[in-house]
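Every letter in the first sequence is one number past the one before it in the numbering used here, and letter 40, counting from 1, is 335. All residues carry an ideal CB built from backbone N, CA and C; glycine is no exception. All values derive from a computational prediction rather than experimental measurement.
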Amino acid sequence: MPELPEVEITKQGIMPHVIGQSIDRVDIHHRSLRYPVSDALTLMEGGVITDVTRRAKYLMIHSDGFYLVIHLGMSGSLRISQPDEPRKKHDHIIFGLSNGLELRYHDPRRFGFVQIYHGDEVPAYITKLAPEPLSSDFNDAYFKKIIQNKKQPIKAFIMDQKFVVGVGNIYANEALFMSRIHPEKPAQDLKPKEQKLLVEAIKTVLSRAIGEGGTTLKDFVQPDGTHGYFAHSLSVYGRDKTPCIHCGVEIQKIVIAQRSTYFCPVCQSSKSIKITK
DNA sequence: CCTTCACCCTGCACGC
DNA sequence: TGCGTGCAGGGTGAAG
Numbered sequence: 296m297p298e299l300p301e302v303e304i305t306k307q308g309i310m311p312h313v314i315g316q317s318i319d320r321v322d323i324h325h326r327s328l329r330y331p332v333s334d335a336l337t338l339m340e341g342g343v344i345t346d347v348t349r350r351a352k353y354l355m356i357h358s359d360g361f362y363l364v365i366h367l368g369m370s371g372s373l374r375i376s377q378p379d380e381p382r383k384k385h386d387h388i389i390f391g392l393s394n395g396l397e398l399r400y401h402d403p404r405r406f407g408f409v410q411i412y413h414g415d416e417v418p419a420y421i422t423k424l425a426p427e428p429l430s431s432d433f434n435d436a437y438f439k440k441i442i443q444n445k446k447q448p449i450k451a452f453i454m455d456q457k458f459v460v461g462v463g464n465i466y467a468n469e470a471l472f473m474s475r476i477h478p479e480k481p482a483q484d485l486k487p488k489e490q491k492l493l494v495e496a497i498k499t500v501l502s503r504a505i506g507e508g509g510t511t512l513k514d515f516v517q518p519d520g521t522h523g524y525f526a527h528s529l530s531v532y533g534r535d536k537t538p539c540i541h542c543g544v545e546i547q548k549i550v551i552a553q554r555s556t557y558f559c560p561v562c563q564s565s566k567s568i569k570i571t572k
């Protein structure tokens, strides 16, 4: 479910309700997430939440001495709830706050996780992350460098968190449509102009999605329970067999690296720069 | 090194 | 109505 914009929206949504609150109670209702949920989570009890940060698709909740790393996987969400709201089926972890509200981690497919770390400890999967796409570290020069000798389809490449973080299946499709690049084009074959367009498109698509509250396809909810609006702005994702908004030709659906891929065969026609014959 | 694939899990839409 | 199939926003690890 959540790509970078949805995680960012989640962060912004919970911040006003949790900052400055102490965690009175940690209730673990289901431990088998992607990584088993540790009893050590209760070390957060009594601590005051000082900050909520995001890196890639990871959300960090900081208190004095410890912090939580939360990944929402495919179907995870965080909600701010009243304590008298009945616990929903997949509300796996509930944090009771000193203002009387609860922060609930909900995840039907359980591909996400919640881990606790000491304040001075940073796990390897965080330190080795690629640059944030919305930062100045993600720029033309960086992009030019990383695509060298990469034969993978450009779509698989921009979804690979080793090179750019936060871009998932929806926004990879959208960014390629926006920059008019064929999703199967080998990364190394992108011309300088295409590189520039794609870097720009990734930034634009992600920031727009954040501005519209993220993309709700089926079940993404903001922490207050409302939906994101970006689904209305999707140009290609999920639109196979409907006319391209630019040229009217039918959007096609193919599979790249096991993920559904949508593109316009006319607007995104330059599959390879190799001159045939 | 690279790419491909199965898999973790539940829910939902679809066809029969 | 029910049942089987395939698919879903992510990421890992093994295999080729």
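- Here DSSP, grouped into helix, strand and coil, assigns V409 to strand.
- Taking the Cα positions, V500 is about 12 Å away from E298.
- Here DSSP, grouped into helix, strand and coil, assigns M310 to helix.
- The residues L501, A504, I505 and G509, in chain order, have a CB closer than 6 Å to that of P300 in the same chain once the five nearest residues on each side in sequence are set aside.
- Boundaries for D322: no alpha helix (DSSP H) harbours it, while the beta strand (DSSP E) harbouring it runs I318 to I323, taken from the DSSP string.
- Under the three-state reduction of DSSP, P487 is assigned to helix.
- Within the same chain, Cβ atoms closer than 8 Å to the Cβ of D402 are found at L328, L367, G368, S370, G371, S372, H385 and H387, the five residues on either side in sequence being excluded.
- DSSP lists Q547 as the beta-bridge partner residues of F558.
- Between the segment 476-483 and the segment 419-432, the count of C-beta pairs closer than 8 Å stays below three; the two stretches do not touch.
- Residue state for L429 is assigned as coil, using DSSP reduced to three classes.
- Annotation note: the segment 318-365 contains the following uninterrupted beta strand (DSSP E) runs of length 3 or greater, listed N- to C-terminal: 318-323, 344-350 and 353-358.
- Measuring C-alpha to C-alpha distances from M454 to each of A351, V561, R320 and M339 identifies A351 as the nearest.
- F390: member of the beta strand (DSSP E) spanning D386 to L392, first to last residue.
- I411 is positioned such that its CB atom lies no closer than 7 Å to that of L354.
- Looking at G360, Y524 and L529, the one whose alpha-carbon comes closest to that of G414 is G360.
- For D535, same chain residues with a beta-carbon under 7 Å away, outside a window of 5 residues either side, are I546, Q547, K548 and Y557 in chain order.
- Here R326 has V332 as same chain residues with Cβ atoms under 7 Å from its own Cβ, once five neighbours each way along the sequence are excluded.
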